[in-house]
Amino acid sequence: MLNIDLHCHSNMSDGVLSPAEVVARAAANGVHALALTDHDDVAGIATAQAVAATAGLRLIPGVEISVSWGGQTVHIVGLRIDPRHPELAAGLHGIRLGRVERARRMGDDLAQSGIAGAYAGACGYAANKQLVGRTHFARWLVAQGHVPDMRAAFRRFLTRGNPGYVEHEWTTLENAVGWIHASGGTAVIAHPGRYAFNARELHLLLDAFRALGGEGIEVISGTHHPTEYGKFADLARAFSLKASRGTDFHAPGEGADIGRLPALPHYCQPVWQGWPELAAHFSSSLA
Ligand code: AMP
Ligand code: MN
Ligand code: MN
Ligand code: MN
């Protein structure tokens with residue numbers, strides 16, 4: 031089987047490995063094609079491309095865009111994007127400006143709950159100072175001993191109703207899909223099992239996404255429980271969406287390791303079907 035992992039993070043967003051280290055780890059894990067999909071930034075792609083060329087794996091330029099929809103944050107992965115496309119670059123730049131302002135408010139909110147210095151602390155964990163997110167706050171809260179681990183950080187802090195959570199308006203679904211398409215990419219709904227939507231709301235999201243020309247949905251995600259795979263494979267089929275597979279890798283020892291996931295169910299149409307850059311892999315695997 032071809033090992034294709036279309037969702038992972040480097041330290042250009044909230045992962046801990048550099049783009050070069052992410053690609054090296056993917057190669058060591060036997061990944062044939064990897065999409066680097068940092069949150070709201072494409073800063074790691076050039077390095078990842080260069081390393082992939084020597085490591086013998088195919089790097090798919092990607093991004094994971096933060097969107098506000100239906101009162102929740104939804105993530106849209108763009109695959110095969112052109113990271114230099116001006117419309118995409120400008121859109122992502124705008125999101126990063128909002129992120130910096132949000133991070134300051136998160137720090138203020140934690141300070142009001144008696145936890146001082148969180149913004150500066152979180153920045154210390156962020157290699158990309160434009161990309162300070164909840165994960166960096168969580169790493170700092172763990173290191174400071176406020177919580178024992180990342181799970182507890184997101185259970186007691188940083189989530190709706192808890193200290194460190196602030197409402198934030200991300201971009202629209204229409205913008206995210208539009209920028210991805212403008213740059214030549216394919217749009218995929220990330221980890222549909224992670225949203226606090228009921229079935230009706232999730233169907234509305236898929237309808238809206240389809241109406242905008244969105245192409246795919248993650249069926250096999252490192253953040254999904256194996257019992258959820260079938261449900262999202264069925265939804266993909268029902269909504270005529272292509273299926274994607276991605277670990278959402280952030281750090282060694284945190285969640286699924288790069289490339290370490292089951293294959294797509296056989297009845298799914300893979301989002302990578304027909305991608306010319308994978309043709310050599312397909313023909314050699316048939317030979
Ligand atoms: P942000 O984009 O700044 O709101 O941060 C979202 C990121 O936080 C996600 O991409 C995950 O990496 C991380 N995250 C969210 N919820 C959890 C959780 N319950 N446990 C661990 N990491 C989480
Ligand atoms: Mn993340
Ligand atoms: Mn996500
Ligand atoms: Mn992700």
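Under the working numbering, read the sequence shown as residues 31 to 317, first letter to last.
Glycine included, every Cβ here is placed at the ideal spot set by N, Cα and C.
Straight-line measurement puts the Cα of Ala310 at about 43 angstroms from the Cα of Gly101. In the three-state DSSP reduction, Pro292 falls in the coil class, being neither helix nor strand.
Asp35 is bridged by DSSP to Leu64. For Glu248, the shortest separation between its Cβ and any heavy atom of ligand 4 does not lie below 7 angstroms. Gly244 has its alpha-carbon roughly 7 angstroms from the corresponding atom of Thr216.
The DSSP-derived three-state label of Glu131 is helix.
Taking a cut-off of 8 angstroms for Cβ pairs, the segment 145-165 and the segment 204-213 do not touch, as fewer than three such pairs fall below it. Judged by the Cβ position, Thr165 fails to qualify as a neighbour of ligand 4 at the 7 angstroms threshold, every heavy atom of the ligand being at least this far.
Taking 8 angstroms as the cut-off, the Cβ atoms of Val72 and Val93 count as close.
Proximity to ligand 4 was defined by a C-beta distance below 7 angstroms to any of its heavy atoms, and the residues meeting it, in sequence along the chain, are His37, His39, Thr67, His69, Glu94, His105, Ala220, Asp278.
Take Met42, set aside five residues on each side of it, and the residues of its chain with a beta-carbon closer than 6 angstroms to its own are Asp68, Asp71, Ala73, Gly74, Asn158, in chain order. The closest heavy atom of ligand 2 lies 7 angstroms or more from the beta carbon of Asp35. The three-state reading of DSSP puts Ala226 in coil, since its state is none of H, G, I, E or B.
As computed with DSSP, Gly276 is found in a beta bridge with Ser251. Between Ser213 and Glu117, the CB-CB gap stays under 8 angstroms. Looking at the DSSP output, Ile111 shares a beta bridge with no other residue. A straight line joining the alpha-carbon of Thr201 with that of Ser98 spans about 6 angstroms.
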